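Report on one structure; see the data block that follows.
Numbering (my numbering), first residue to last: 594 to 872.
Structure (structure tokens):
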């Protein structure tokens, strides 16, 4: 009996000890669906019961790629449309800001403000990450990419701007901002994957490097030293060929004065006179 009591007390003591908290497994990647299925999932998740959609278009917007931009950067959408952000090369977000606070997350003060989280695309992927944002009203919505300096470099977009000047002013504000703030929670849309062949873009070509084991390019050869100028020809050794219509006249030596050295007395002198050819 005493042995049984000890066993029961030991079991109670062990159960009272802190137990390890089970760790959540890494979230599974979303299933690959069509753009239409991704939009339908977003509508089902965010449109309240009894909500009447005025439209049901899917409006694709390419995020990133060869340049860090939203294409297009102005979107006009009706209530019920789904803006489908398709993430191209790089690592980008779709993050909402206030109109006068470009590059700063509105989530800091409004918990329901839109943020997609960071969605990358790497060379060789066959699927494309998407953020599917249902349009619940037609108020202007100011969005930017929170990765690095992308917002300062002009990666901004407005959904339903009030006028054409708003995107200009918003881009100027983003360029003047000191740094970007990031959102904290995925809100305002659903994350999905679609096949690359159904995306609205063709990925930027990867930058090709030199083949493995290739030798480094040879250094450019040093410029050759300039050749020395040729020595002038000796006038005494040069000869001038007389033209065909010339007459050669040989003059006798000129008598030198007595004081002149004999070695300096010139010999015969030849004069070439050119006579015009007969017509």
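In this text, a Cβ means the ideal position worked out from N, Cα and C, and glycines have one as well.
Computed from a predicted model, the values in this text were never measured in an experiment.
Residues bridged to residue i [DSSP beta-bridge criterion]
| i | result |
| --- | --- |
| residue 767 | Answer is none; residue 767 lacks a bridge partner. |
| residue 783 | 725 |
| residue 774 | BP columns for residue 774 are empty, so no partner. |
| residue 712 | 685 |
| residue 735 | 690, 751 |
| residue 796 | Paired residue(s): none; residue 796 is not in a bridge. |
| residue 720 | 788 |
Rounded C-alpha distance that separates residue i from residue j
| i | j | result |
| --- | --- | --- |
| residue 650 | residue 673 | 8 Å |
| residue 641 | residue 799 | 43 Å |
| residue 720 | residue 787 | 6 Å |
| residue 604 | residue 622 | Caution applies to residue 604, whose pLDDT of 48 falls short of 50 and renders its modelled position unreliable; the value that the coordinates give is listed next. Cα to Cα, the separation comes out at about 41 Å. |
| residue 756 | residue 669 | 11 Å |
| residue 753 | residue 648 | 15 Å |
| residue 637 | residue 717 | 32 Å |
| residue 631 | residue 780 | 16 Å |
| residue 793 | residue 770 | 30 Å |
| residue 760 | residue 663 | 12 Å |
| residue 644 | residue 681 | 32 Å |
| residue 768 | residue 697 | 12 Å |
| residue 797 | residue 704 | 35 Å |
| residue 654 | residue 751 | 11 Å |
| residue 778 | residue 699 | 12 Å |
| residue 734 | residue 646 | 18 Å |
| residue 614 | residue 671 | For residue 614, the predicted structure reports a pLDDT of 38, less than 50, and the residue's modelled location is therefore unreliable. The matter cannot be settled from this model. |
| residue 625 | residue 732 | 31 Å |
| residue 629 | residue 714 | 21 Å |
| residue 795 | residue 639 | 30 Å |
| residue 665 | residue 762 | 16 Å |
| residue 627 | residue 758 | 35 Å |
| residue 617 | residue 738 | The predicted position of residue 617 is uncertain, since its pLDDT is 40 and thus under 50; no value can be drawn from it. |
| residue 619 | residue 660 | Confidence at residue 619 is low in this model, with a pLDDT of 48, below 50, so its placement is unreliable and the value that follows should be read with caution. For residue 619 and residue 660, the distance between alpha carbons rounds to 31 Å. |
Proximity of residue i and residue j at Cβ, strictly below 8 Å
| i | j | result |
| --- | --- | --- |
| residue 692 | residue 706 | no |
| residue 736 | residue 687 | yes |
| residue 782 | residue 730 | no |
| residue 723 | residue 677 | yes |
| residue 741 | residue 764 | no |
| residue 773 | residue 744 | yes |
| residue 675 | residue 727 | yes |
| residue 749 | residue 695 | yes |
| residue 656 | residue 679 | yes |
| residue 685 | residue 652 | no |
| residue 784 | residue 683 | no |
| residue 658 | residue 708 | no |
Residue i CB to nearest heavy atom of the ligand FAD below 7 Å
| i | result |
| --- | --- |
| residue 662 | This structure lacks the ligand FAD; in fact it carries no ligand of any kind. |
**Item:** Entirely enclosed beta strand (DSSP E) segments - the region 618-698, minimum 3 residues
**Value:** Secondary structure in the region 618-698: the beta strand (DSSP E) runs of 3 residues or longer, each lying completely within the stretch, are 651-656, 675-680, 683-685, 688-690 in chain order.
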